Amino acid sequence: MDRIDYIGKSCIQHGKDNNRIYLLKYREEDGNGLLPRLDEMACENGYGKIIAKVPASAQPLFLQNGYQPEAYIPGFFDGVEGMFFMAKYMDTARMTIPTEALSVLAGLLSWPNGNGVSKANKLSTGIMNPEQTGEMAALYRQVFKTYPFPITDAAYLKQTMDEGTVIYYGVWDGERLIGLSSAELDRDAGNAEMTDFAVLPEYRGQNLAGLLLETMEEDMAKLSFKTLYTIARLNNPGMNKTFIKQGYHYSGLLKNNTNISGQIESMTVFYKNLML
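First residue of the sequence shown: 1, per UniProt numbering; consecutive thereafter.
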């Protein structure tokens with residue numbers, strides 16, 4: 001499993017699972033010293049990519065150091081400053097996207113935006129609690145062969161709950177947990193990532209992800225979060241359509257970015273500004 005480390009006050013995730021460095025939190029005071037260290041780490045470990053979440057004001061620094069923008073979310077920081085996903089490739093082959101994948105993307109972006117979520121099913125949704133983390137981990141293990149964060153580990157799920165950094169949501173058919181998702185919170189910046197969607201195979205096709213998303217979105221609005229976003233698998237058109245139907249805007253494509261379900265996949269980025 002990839003690990004979390006700090007360079008100065010900036011937070012990174014890195015490892016061979018995703019074969020990358022992911023700059024999760026950039027701190028301006030780390031400045032010019034951070035980027036050479038990222039290059040060194042990538043070369044030392046043979047990582048193929050560095051992907052960085054940075055405020056728009058820091059984009060020129062990253063451009064000067066060989067990075068290129070892959071996605072942009074306006075109002076990411078407290079509804080005011082935008083955020084760029086900036087990428088640098090040590091392995092240039094990782095920049096290549098198959099033609100068929102681009103065709104999938106073009107088809108997705110032709111879908112009408114903002115049609116809302118169907119309320120056809122009457123299944124119940126709610127917030128998960130620490131006593132349910134074993135059941136949650138078991139469901140995630142059933143759905144994902146690999147995942148970029150250790151959501152198949154009950155201890156990790158409980159830790160993130162206790163820290164208050166993630167709110168997990170479930171959907172039930174009677175007493176049976178059949179789907180999960182989470183809102184990963186950046187309270188200081190007023191944004192939340194809608195992520196970790198998983199539905200048992202026999203319940204797919206019923207728009208349960210849409211039901212979970214609508215539930216989370218209502219709660220995030222009550223908590224005064226300004227911007228919501230997701231990083232979704234390009235190879236999962238249904239998940240992309242869920243966000244498009246709920247009025248999220250396409251922001252960009254993270255090429256060959258994430259090890260999920262056993263392979264490195266490209267990821268789409270969608271966002272929604274709740275305060276507009």
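Even glycine gets a Cβ: it sits at the ideal position worked out from N, Cα and C.
Treat the numbers as computed from the prediction; the structure is a model and nothing was measured.
- Query: Expressed to the nearest angstrom, what Euclidean distance is found between the alpha-carbon atoms of residue 279 and Pro201?
  - Reply: An answer regarding residue 279 cannot be provided, because it is not within the stretch 1 to 276 covered by the chain.
- Message: Helix, strand or coil for Thr268? Go by DSSP, reduced to three states.
- Response: The residue given as residue 268 occupies position 268 in the sequence shown. Three-state result, Thr268: strand.
- Message: Any contact between the region 252–264 and the region 209–219? By contact I mean 3 or more CB pairs, one from each, below 8 Å.
- Response: no
- Message: My output table needs one value for Gln206: the three-state DSSP class, helix, strand or coil.
- Response: Along the sequence shown, one-based indexing puts residue 206 at 206. Gln206: coil per DSSP, three-state reduction.
- Query: Given that a residue counts as buried once 16 or more other Cβ atoms are within 10 Å of its Cβ, and exposed if not, what is Gly33?
  - Reply: Working through the sequence shown from its first residue, we reach residue 33 at position 33. Gly33 is exposed by the Cβ-count criterion.
- Item | Buried versus exposed, by CB contacts within 10 Å (16 or more), Arg187 | Here residue 187 corresponds to residue number 187 of the sequence shown, with the count starting at 1. Around the beta-carbon of Arg187, fewer than 16 other beta-carbon atoms lie within 10 Å, marking it exposed.
- Return yes when the Cβ of Ile73 is within less than 7 Å of the Cβ of Tyr250, no when it is not. Here residue 250 refers to the residue found at position 250 when the sequence shown is read from its first residue. Here residue 73 refers to the residue found at position 73 when the sequence shown is read from its first residue. Their beta carbons are not under 7 Å apart, which means Tyr250 does not touch Ile73 by this criterion.
- Message: Report the start-end ranges of each alpha helix (DSSP H) in the region 25–71 that is 4 residues or longer and not cut off at the edges.
- Response: The region 25–71 is shown to contain whole alpha helix (DSSP H) runs of 4 or more residues at 31–45, 59–64, in chain order.
- Return the Cβ separation of Gly170 and Thr125 in integer angstroms, given the expectation that the two are a contact with Cβ distance under 8 Å. Counting from 1 along the sequence shown, the entry for residue 170 is found at position 170. Counting from 1 along the sequence shown, the entry for residue 125 is found at position 125. Indeed they touch by this definition, with Cβ atoms about 7 Å apart.
- Message: Please tell me whether Asp173 and Ser182 are closer than 7 Å, where the distance is taken between their beta carbons.
- Response: Translated into the one-based positions of the sequence shown, residue 173 becomes position 173. Translated into the one-based positions of the sequence shown, residue 182 becomes position 182. No, the Cβ-Cβ distance between Asp173 and Ser182 is not below 7 Å.
- Item | Distance between Gly15 and Tyr67 (C-alpha atoms, nearest Å) | Position 67 of the sequence shown holds residue 67. Position 15 of the sequence shown holds residue 15. Taking the straight line joining both Cα atoms gives about 20 Å.
- Considering only residues of the same chain and omitting the five flanking positions on each side of Gln132, which have a CB-CB separation below 8 Å? In the sequence shown, the residue the question calls residue 132 occupies position 132. So the list reads Gly170, Leu177, once near-sequence residues are dropped.
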